[in-house]
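Visitor: Chains as they are written, first to last, in our numbering: chain A, 28 to 296; chain B, 28 to 296.
Glycine is no exception: its CB is placed at the ideal position from the N, C-alpha and C atoms.
Dumping the structure here so I can ask a few things about it.
2 protein chains.
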Amino acid sequence: MRELSEAKPIILKIGGSVITDKNGELAARTEVINRLAEEIGKAGVKNLIIVHGGGSFGHPTAQKYGIKEGLKDEAQKVGFAETHHVMTVLNGLVMDSLVWHNIAAFSIASSCCVVTENGRINLCDDTILKSLRKMGFVPVLYGDAVLDAKLGFTVLSGDQLVTYLAQKLGASKIIIGVDTDGLYNADPKVEKSAKVYTRLTLGELEKVKSKLGGSTASDVTGGMLGKISELAPAVEQGIPVVMVNASKANRVYKALIGEKVEGTVIEKE
Amino acid sequence: MRELSEAKPIILKIGGSVITDKNGELAARTEVINRLAEEIGKAGVKNLIIVHGGGSFGHPTAQKYGIKEGLKDEAQKVGFAETHHVMTVLNGLVMDSLVWHNIAAFSIASSCCVVTENGRINLCDDTILKSLRKMGFVPVLYGDAVLDAKLGFTVLSGDQLVTYLAQKLGASKIIIGVDTDGLYNADPKVEKSAKVYTRLTLGELEKVKSKLGGSTASDVTGGMLGKISELAPAVEQGIPVVMVNASKANRVYKALIGEKVEGTVIEKE
Chain A
28 MRELSEAKPI ILKIGGSVIT DKNGELAART EVINRLAEEI GKAGVKNLII
78 VHGGGSFGHP TAQKYGIKEG LKDEAQKVGF AETHHVMTVL NGLVMDSLVW
128 HNIAAFSIAS SCCVVTENGR INLCDDTILK SLRKMGFVPV LYGDAVLDAK
178 LGFTVLSGDQ LVTYLAQKLG ASKIIIGVDT DGLYNADPKV EKSAKVYTRL
228 TLGELEKVKS KLGGSTASDV TGGMLGKISE LAPAVEQGIP VVMVNASKAN
278 RVYKALIGEK VEGTVIEKE
Chain B
28 MRELSEAKPI ILKIGGSVIT DKNGELAART EVINRLAEEI GKAGVKNLII
78 VHGGGSFGHP TAQKYGIKEG LKDEAQKVGF AETHHVMTVL NGLVMDSLVW
128 HNIAAFSIAS SCCVVTENGR INLCDDTILK SLRKMGFVPV LYGDAVLDAK
178 LGFTVLSGDQ LVTYLAQKLG ASKIIIGVDT DGLYNADPKV EKSAKVYTRL
228 TLGELEKVKS KLGGSTASDV TGGMLGKISE LAPAVEQGIP VVMVNASKAN
278 RVYKALIGEK VEGTVIEKE
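Following this line, the structure appears as C-alpha cells:
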C-alpha cells in the first residue's frame, strides 16, 4: 500500500477539542490556533500533512441531523450541507492562521476526494494531495461530512483519515495533539494519582485498553478508546504515534522537531 | 463528451463583480448574496449547479503574487495558498447564505478536483460532483487557484469551469449573472444610446465581438470579451446562454424558472 517513491511525511492531527471549546457551539479557540500555527512555522518540518478535527463545529451539527447514521430522510440533506459548511468555516480559521504565519498550507476538503462505505474509506483520490506534497505545500485535511456508497452520507473522523493517509503514504510518524497530557493509567478526572504512560507497545496498549474500557465511561475515555482503535493499524504497520497535549505551549513543536516531549509514545514493539 | 444517462443540469454562474465590490479588497456584498440565495431557493430548480467568481477576493491576491503566470519563485507558494484561502472565504459566505435559505448546497473546491495544463482544464475528477447531483444536492464550485501540469499552478476562471461542466454534463442552459443588463451594442459607460441585444446567434456574436473589440478597452468590455470567448464552445454545442443582471432583483430568478427576462440570449442559430 505504501508508496516508497516519495519522502515519508509526518502527519499532525490537531484535535477538535484543542482548537474549539467543545462545551460551546461554533466556538473556536483562535488564540490556540494561532499559537499552533506559530509552532508549526517555527518547526519548519518538510513533508508535513495536517489533519484537524471538528470539535464544536462539526459534531453538534452532525449530531443534530443524524449525519453519521446516513441518509434516511430528505430533511437531513440540508443538515449534511450544513455540517460540511461549518467544517469549512473551522478549516478557514485554521488556514487563515497558517497562511498568515507564512506557511504554504493548502486545504483539501475530505468530502471532495473521499467516499466511504459503511463509514470506512473505500475511495480516496489523492492526485492533488500528491502534487501538493511534491511541490512542497502543506496539505491540510479535516474530519468532514462525506458521501458514503452504502449510507448515502456519513461522518468521516479525522482519526480515520490520519491512519488511512499514514498507511497509504508510509508516514514516518503520527503526532496526535489532544487536550490531555497523553494516555493515563486511570481517568485523571476521577483518580488524582493517575499517571501518563510515556511509552506503550501495541501489546501493552491492548491491556491498557481493556483497563480503560472498564473504567467510568466518561467522554474523554470513550474518545480516547475510539482514537486508539483507529490508530492501532498504523502502529501495527510500524508507524510510531506520539500523543501530546496540544493545548500546552511547545508540546507540538517539540514533537514536530523530534525533541523529547511529555506525552505517550505508542510503538509496535 | 456529454453523458446522456443523467438529467441535464442548469448551470448558474454568479459573477465576482456581483457578489463583491471589485473596487474594494475582500469586500463581499452579503446583502446581494442573500437576495440571490433567496431567489435560488424560490426558483427551486432541480439539477442546478452553481459556479461563482472571485471578485475582490481572488483577483487582487492572485495578481499580487502573479499566480496566473505560474510558479517562478518560492515566495509565490504562500501567495498560491492565500489565493485559494481567500476564495474559500468568499465561498463560505455564499454557502452560509444558501444553507440558511434551506438549500442543500455543497461546496466543491475546484482546486481539489481540477488540474489544468497551461491554464486549460485537462483533468477533472467529477466522482463527487456526480454523486452529489444524483442525490439531489446543489454542487457549488468557484474560480480558484489550481495546480497546473506545466505551470506548477495557475488561476482557473469560473467561466472556463462553467463551459467545461456544461459541455461535459450536457447542460440544458447556462445562466450568466453579471452586473450589467446584458451585451450592449456599444460601451454603455461611454455611449448613452447603447442598447442591450436581446438575442444573438453565434454568427451575430462574432460580428459584435469584433465591434466591441474595436471600442474603448474598458474593463467591462475586456471582461465581456473574455467571457464570450470562454462560453462560445458551449453555445456551439447547442447550449443556450442567458446573460442577466444579477445585481438587479428577480432577474436570476426569472432566468432560472425560464420566464422572459431582460438580458441577452446567445444561441447557436
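Give the single residue among A/55, A/216 and A/75 whose Cα lies nearest to the Cα of residue 200 of chain A.
Guide: On the first sequence, residue 200 of chain A is found 173 positions in, with the first residue counted as 1. Closest option to residue 200 of chain A, Cα to Cα, is A/75.
Visitor: For chain A, check one thing: does any of its Cβ atoms lie closer than 7 angstroms to the Cβ of residue 96 of chain B?
Guide: The residue given as residue 96 of chain B occupies position 69 in the second sequence. So, not an interface residue.
Visitor: Given this structure, state the Cα-to-Cα distance separating residue 159 of chain A from residue 287 of chain B, to the nearest angstrom.
Guide: By one-based count along the first sequence, residue 159 of chain A stands at place 132. By one-based count along the second sequence, residue 287 of chain B stands at place 260. If you take the alpha carbons of residue 159 of chain A and residue 287 of chain B, they lie about 46 angstroms apart.
Visitor: Determine, using beta carbons only, whether residue 167 of chain B and residue 138 of chain B come nearer to each other than 7 angstroms.
Guide: Along the second sequence, read from residue 1 onward, the residue named residue 167 of chain B stands at position 140. Along the second sequence, read from residue 1 onward, the residue named residue 138 of chain B stands at position 111. Taking 7 angstroms as the Cβ cut-off, residue 167 of chain B and residue 138 of chain B do not qualify as a contacting pair.
Visitor: Is the CB of residue 110 of chain B under 7 angstroms away from at least one CB in chain C?
Guide: Within the model displayed, chain C is absent; protein chains A and B are what it includes.
Visitor: Taking residue 280 of chain A as part of the alpha helix (DSSP H), name the residues at either end of that continuous run.
Guide: Your numbering for residue 280 of chain A matches position 253 in the first sequence. Taken as a continuous stretch (DSSP letters only), the alpha helix (DSSP H) holding residue 280 of chain A covers 278 to 284.
Visitor: So for residue 229 of chain A, helix, strand or coil by DSSP?
Guide: To locate residue 229 of chain A, count along the first sequence from 1; it is residue 202. Helix at residue 229 of chain A.
Visitor: Between which residues of its own chain and residue 246 of chain A is the CB-CB distance below 8 angstroms, once the five residues before and five after are set aside?
Guide: In the first sequence, counting from the first residue as 1, residue 246 of chain A sits at position 219. For residue 246 of chain A, the pLDDT reaches just 39, beneath the cut-off of 50, and the residue's location in the model is therefore unreliable, leaving the point undetermined.
Visitor: Just list the alpha helix (DSSP H) runs in the region 75 to 152 of chain A, keeping only unbroken ones of 4 residues or longer that don't cross its boundaries, in chain order.
Guide: Taking only runs of at least 4 residues, the alpha helix (DSSP H) segments lying wholly in the region 75 to 152 of chain A are 82 to 92 and 103 to 127.
Visitor: Pull up the distance between the alpha-carbon of residue 92 of chain A and that of residue 107 of chain A, whole angstroms please.
Guide: In the first sequence, counting from the first residue as 1, residue 92 of chain A sits at position 65. In the first sequence, counting from the first residue as 1, residue 107 of chain A sits at position 80. Going from the Cα of residue 92 of chain A to the Cα of residue 107 of chain A covers about 7 angstroms.
Visitor: Going by beta carbon distance, what residues of the same chain come within less than 7 angstroms of residue 149 of chain B, once the five residues before and after it are set aside?
Guide: Translated into positions along the second sequence, residue 149 of chain B becomes position 122. Around residue 149 of chain B: 142, 143 and 176.
Visitor: Rounded to whole angstroms, what's the CA-CA distance from residue 198 of chain A to residue 230 of chain A? Just pull it up for me.
Guide: As a position in the first sequence, residue 198 of chain A is number 171, starting the count at 1. As a position in the first sequence, residue 230 of chain A is number 203, starting the count at 1. The alpha-carbon atoms of residue 198 of chain A and residue 230 of chain A are separated by roughly 21 angstroms.
Visitor: Residue range of the alpha helix (DSSP H) that residue 58 of chain B falls in?
Guide: Taking the first residue of the second sequence as 1, we reach residue 58 of chain B at position 31. Start and end: 57 to 70.
Visitor: Which residues in the same chain as residue 122 of chain B place their Cβ atom closer than 7 angstroms to its Cβ, once the five residues preceding and following it in sequence are excluded?
Guide: Numbered from its first residue, the second sequence carries residue 122 of chain B at position 95. If we look at residue 122 of chain B and ignore the five residues flanking it on each side, its Cβ neighbours are 132, 134 and 167.
Visitor: Straight-line CA distance for residue 205 of chain A to residue 202 of chain B?
Guide: The count along the first sequence starts at 1 and reaches residue 205 of chain A at position 178. The count along the second sequence starts at 1 and reaches residue 202 of chain B at position 175. Cα to Cα, the separation comes out at about 47 angstroms.
Visitor: Our contact map puts residue 183 of chain A next to residue 170 of chain A with C-beta atoms below 8 angstroms; I'd like the distance itself, whole angstroms only.
Guide: For the purposes of this step, residue 183 of chain A is taken as the residue at position 156 of the first sequence. For the purposes of this step, residue 170 of chain A is taken as the residue at position 143 of the first sequence. Indeed they touch by this definition, with Cβ atoms about 6 angstroms apart.
Visitor: What did DSSP end up calling residue 296 of chain A once you bin it into helix, strand or coil?
Guide: Taking the first residue of the first sequence as position 1, residue 296 of chain A is located at position 269. If DSSP states are grouped into helix, strand and coil, residue 296 of chain A belongs with coil.
Visitor: Report yes if the CB atom of residue 23 of chain A is closer than 7 angstroms to the CB atom of residue 88 of chain A, and no otherwise.
Guide: Outside the displayed range of chain A (28 to 296) lies residue 23 of chain A, so it cannot be described from this structure.
Visitor: Nearest by alpha-carbon distance to residue 86 of chain B: which of B/172, B/120 and B/147 is it?
Guide: Sequence index remark: in the second sequence, residue 86 of chain B carries index 59 (1-based). For the residues B/172, B/120 and B/147, the minimum Cα distance to residue 86 of chain B belongs to B/172.
Visitor: By the three-class DSSP mapping on this structure, what secondary structure does residue 40 of chain B have?
Guide: In the second sequence, counting from the first residue as 1, residue 40 of chain B sits at position 13. Strand, per DSSP.
Visitor: Is residue 266 of chain B helix, strand or coil when you go by DSSP?
Guide: Looking up residue 266 of chain B in the second sequence gives position 239. In this structure, residue 266 of chain B counts as coil in the three-state DSSP scheme.
Visitor: List the residues that DSSP assigns as beta-bridge partners of residue 297 of chain B.
Guide: A query on residue 297 of chain B cannot be resolved here, the shown segment of chain B reaching from 28 to 296 and no further.
Visitor: Name the residues in the region 131 to 157 of chain A whose C-beta lies less than 8 angstroms from a C-beta of chain B; which are they?
Guide: Answer in chain order: 131, 132, 133, 134, 135, 136, 138, 139, 140, 142, 150, 152, 154 and 155.
Visitor: DSSP on residue 261 of chain B, reduced to helix/strand/coil?
Guide: Stepping through the second sequence from its first residue, residue 261 of chain B is reached at position 234. Helix at residue 261 of chain B.
Visitor: For my contact list, residue 97 of chain A and residue 180 of chain A are in at a C-beta cut-off of 8 angstroms; report their separation, rounded to the angstrom.
Guide: Along the first sequence, one-based indexing puts residue 97 of chain A at 70. Along the first sequence, one-based indexing puts residue 180 of chain A at 153. Indeed they touch by this definition, with Cβ atoms about 6 angstroms apart.
Visitor: What does the Cβ neighbour count give for residue 36 of chain B, buried or exposed, with the cut at 16 atoms within 10 Å?
Guide: The residue labelled residue 36 of chain B in the question sits at position 9 within the second sequence. Result: buried.
Visitor: Give the single residue among B/78, B/41, B/67 and B/84 whose Cα lies nearest to the Cα of residue 50 of chain B.
Guide: In the second sequence, counting from the first residue as 1, residue 50 of chain B sits at position 23. Looking at the Cα atoms, B/84 is the closest of the given residues.
Visitor: Between which two residues does the alpha helix (DSSP H) containing residue 190 of chain A stretch?
Guide: Counting from one through the first sequence, the residue named residue 190 of chain A turns up at place 163. Unbroken alpha helix (DSSP H) run through residue 190 of chain A: 185 to 196.
Visitor: Spatial neighbours of residue 265 of chain B within its chain, please: C-beta separation below 7 angstroms, excluding the five flanking residues on both sides.
Guide: Numbered from 1 along the second sequence, position 238 holds the residue referred to as residue 265 of chain B. Closer than 7 angstroms at the Cβ level, and outside the excluded window around residue 265 of chain B, lie 295.
Visitor: For residue 53 of chain A, decide whether its Cβ has a neighbour in chain B, counting only Cβ atoms nearer than 7 angstroms.
Guide: Position 26 of the first sequence, counting from 1, holds the residue named residue 53 of chain A. Chain B, which has no Cβ nearer than 7 angstroms to the Cβ of residue 53 of chain A, makes this no.
Visitor: Use the C-beta contact count for residue 284 of chain B: other C-beta atoms within 10 angstroms, 16 or more gives buried, fewer gives exposed.
Guide: Counting from one through the second sequence, the residue named residue 284 of chain B turns up at place 257. Label assigned to residue 284 of chain B: exposed.
Visitor: Report the three-state DSSP secondary structure of residue 179 of chain A (helix, strand or coil).
Guide: Position 152 of the first sequence, counted from the start, is the residue given in the question as residue 179 of chain A. The answer is strand: DSSP assigns residue 179 of chain A an E or B state.
Visitor: DSSP three-state call for residue 217 of chain B: helix, strand or coil?
Guide: To locate residue 217 of chain B, count along the second sequence from 1; it is residue 190. Three-state DSSP puts residue 217 of chain B in coil, outside helix and strand.
Visitor: In whole angstroms, give me the CA-to-CA distance for residue 270 of chain A and residue 125 of chain B.
Guide: Counting from 1 along the first sequence, the entry for residue 270 of chain A is found at position 243. Counting from 1 along the second sequence, the entry for residue 125 of chain B is found at position 98. Answer to the nearest angstrom: the Cα atoms are 39 angstroms apart.
Visitor: Whose Cβ in chain A lies nearer than 7 angstroms to the Cβ of residue 123 of chain B?
Guide: Translated into positions along the second sequence, residue 123 of chain B becomes position 96. Chain A residues near residue 123 of chain B: 112.
Visitor: Could you tell me whether any Cβ in chain B is nearer than 7 angstroms to the Cβ of residue 222 of chain A?
Guide: The residue labelled residue 222 of chain A in the question sits at position 195 within the first sequence. It does not; no Cβ of chain B falls within 7 angstroms.
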